[in-house]
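These protein sequence lines are chains A and B, in that order. Using the numbering used here, the first residue of the first sequence is number 179, and each one after it goes up by one. Using the numbering used here, the first residue of the second sequence is number 179, and each one after it goes up by one.
Protein chains: 2
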Amino acid sequence: MEPRNKHVTEDCRGVSEILSRIGDKWTVLVVTRLGQGPLRFNEMRRIIGGISQRMLTLTLRGLERDGLVTRTVFPTIPPRVDYELTELGHSLLEPVRVLGDWARQHETCIKASRQRFDGTDEATSASSPPSPMGPRPSA
Amino acid sequence: MEPRNKHVTEDCRGVSEILSRIGDKWTVLVVTRLGQGPLRFNEMRRIIGGISQRMLTLTLRGLERDGLVTRTVFPTIPPRVDYELTELGHSLLEPVRVLGDWARQHETCIKASRQRFDGTDEATSASSPPSPMGPRPSA
DNA sequence: CTGAATCCGGCTTGATACTG
DNA sequence: CAGTATCAAGCCGGATTCAG
Chain A
179 MEPRNKHVTE DCRGVSEILS RIGDKWTVLV VTRLGQGPLR FNEMRRIIGG ISQRMLTLTL
239 RGLERDGLVT RTVFPTIPPR VDYELTELGH SLLEPVRVLG DWARQHETCI KASRQRFDGT
299 DEATSASSPP SPMGPRPSA
Chain B
179 MEPRNKHVTE DCRGVSEILS RIGDKWTVLV VTRLGQGPLR FNEMRRIIGG ISQRMLTLTL
239 RGLERDGLVT RTVFPTIPPR VDYELTELGH SLLEPVRVLG DWARQHETCI KASRQRFDGT
299 DEATSASSPP SPMGPRPSA
């Protein structure tokens, strides 16, 4: 990546990258669950539900790479692997919680806004096909 | 014990959705810039830099749909469109800032961890202790 | 039980060209 | 200036299969 420059935009680039990192489909779920204590692979898989092995592996791997979780292998039979949040991982828990609070707090509002927005189009022209980006009602 | 435990996953689903929303490539940049005041389309385009018309349009459109920004059209020639954060949009600014602070604060740490992770080619020559610190198979 | 490798479909992104 | 339409490329995520 580019070196960190002076401008705000550059700062936000870094932020954006981090957000992309944790903004993917599963990372937040995994981190949050792990925030309640270490878990084994299939425990997580079962608890989270709907995540494939592949995605769980990739998510965990990425988290480990970023130093957010530790991977502990017990060379037993059957094998056992524990995943646990590092200190850094725990520190992420709080910002995520803040965002989570915001999300839950405004979830209804946002969904309502979406329905309003999506419905505005059809209300004016009923026979129009569903366009991915309907026309704007000029203010 | 904690009834909250059972709901965390569901809660996080919603959070995850919101995160996906703002976790895309440009949303955070746009919102942050808009947090400093209303902007016109090409102003933003120029300020952010590297974003295509298409992506800026789509990002703005999504933000508008979610009720986070307002779009004000001035039917002049040449046309002029102002984008501005709504109250809801401003409320998002804070959580984003929190996450942004975290990101900047741990940016170095994370990058270091990545390099460490990518570069770690464990020899495994040492004894594999029965203690939970087994070697990680290289990718 | 944990996880790697493969194939594949879909969404997201981006470049380009055109319109009011 | 602001926005749309279209097309192509790339990444993401899922199902399946194989291995230790």
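We put the CB at the ideal spot given by N, CA and C, even for glycine. Computed from a prediction, not measured in an experiment: that's the story for all the values here.
Find the residues of chain B that neighbour residue i, judging by a C-beta separation of less than 8 Å, and give them in chain order.
i: A/Arg-218; result: Ordered by position in chain B, no residue passes the 8 Å Cβ test against A/Arg-218, which lies about 12 Å from the chain.
i: A/Gly-201; result: Leu-197, Ser-198, Ile-200, Gly-201, Asp-202
Within the same chain, show all residues whose beta-carbon is closer than 7 Å to that of residue i, passing over the 5 residues directly before and after it, in chain order.
i: A/Val-247; result: Leu-212, Leu-238, Leu-241, Tyr-261, Glu-262, Leu-263, Thr-264, Gly-267
i: B/Gln-283; result: none
In chain order, what residues of the same chain have a beta carbon less than 8 Å from the beta carbon of residue i, not counting five sequence neighbours either side?
i: A/Phe-318; result: The requested residue 318 of chain A is not part of the displayed model; chain A covers only 179 to 317.
i: A/Ile-200; result: Val-206, Val-209, Leu-270, Val-274
i: B/Arg-223; result: Ile-229, Gln-231, Leu-234
i: A/Arg-292; result: none
i: A/Arg-218; result: Arg-258, Val-259, Asp-260, Tyr-261
i: A/Asn-220; result: none
i: B/Leu-236; result: none
Checking 9 Å against the spacing of the C-beta atoms, do residue i and residue j come in under that value?
i: B/Val-206; j: B/Gly-278; result: yes
i: A/Ile-288; j: B/Asp-202; result: no
i: A/Thr-254; j: A/Pro-216; result: no
i: B/Ile-196; j: A/Ala-290; result: no
i: B/Ile-225; j: B/Trp-204; result: no
i: B/Glu-285; j: A/Val-276; result: no
Closer than 9 Å by beta-carbon distance: list the chain B residues that pair up with residue i, in chain order.
i: A/Gly-267; result: Going along chain B, no residue has its Cβ under 9 Å from A/Gly-267, so there is no contact; the nearest lies around 10 Å.
Check the DSSP bridge columns for residue i and list the partner residues they point to.
i: A/Asp-260; result: A/Arg-218, A/Thr-250
Whose Cβ in chain B lies nearer than 7 Å to the Cβ of residue i?
i: A/Pro-273; result: Val-276, Leu-277, Trp-280
i: A/Leu-270; result: Trp-280
What residues from chain A crowd round residue i, counting only those whose CB sits closer than 8 Å?
i: B/Ser-194; result: Lys-203, Trp-204, Val-206, Leu-207
Can you list, in chain order, the residues of its chain whose CB lies under 6 Å from that of residue i, leaving out five sequence neighbours each side?
i: A/Arg-294; result: none
i: A/Pro-256; result: none
For the stretch 235-250 of chain B, which residues have a CB atom closer than 9 Å to at least one CB atom of chain A, in sequence order? Thr-235, Leu-236, Arg-239, Glu-242, Arg-243, Asp-244, Gly-245, Leu-246, Thr-248, Arg-249, Thr-250
Mind listing which residues of the stretch 277-302 of chain B have their C-beta closer than 9 Å to chain A's C-betas, in chain order? Leu-277, Gly-278, Asp-279, Trp-280, Ala-281, Arg-282, Gln-283, His-284, Glu-285, Cys-287, Ile-288, Lys-289, Ala-290, Ser-291, Arg-292, Arg-294, Phe-295, Asp-296
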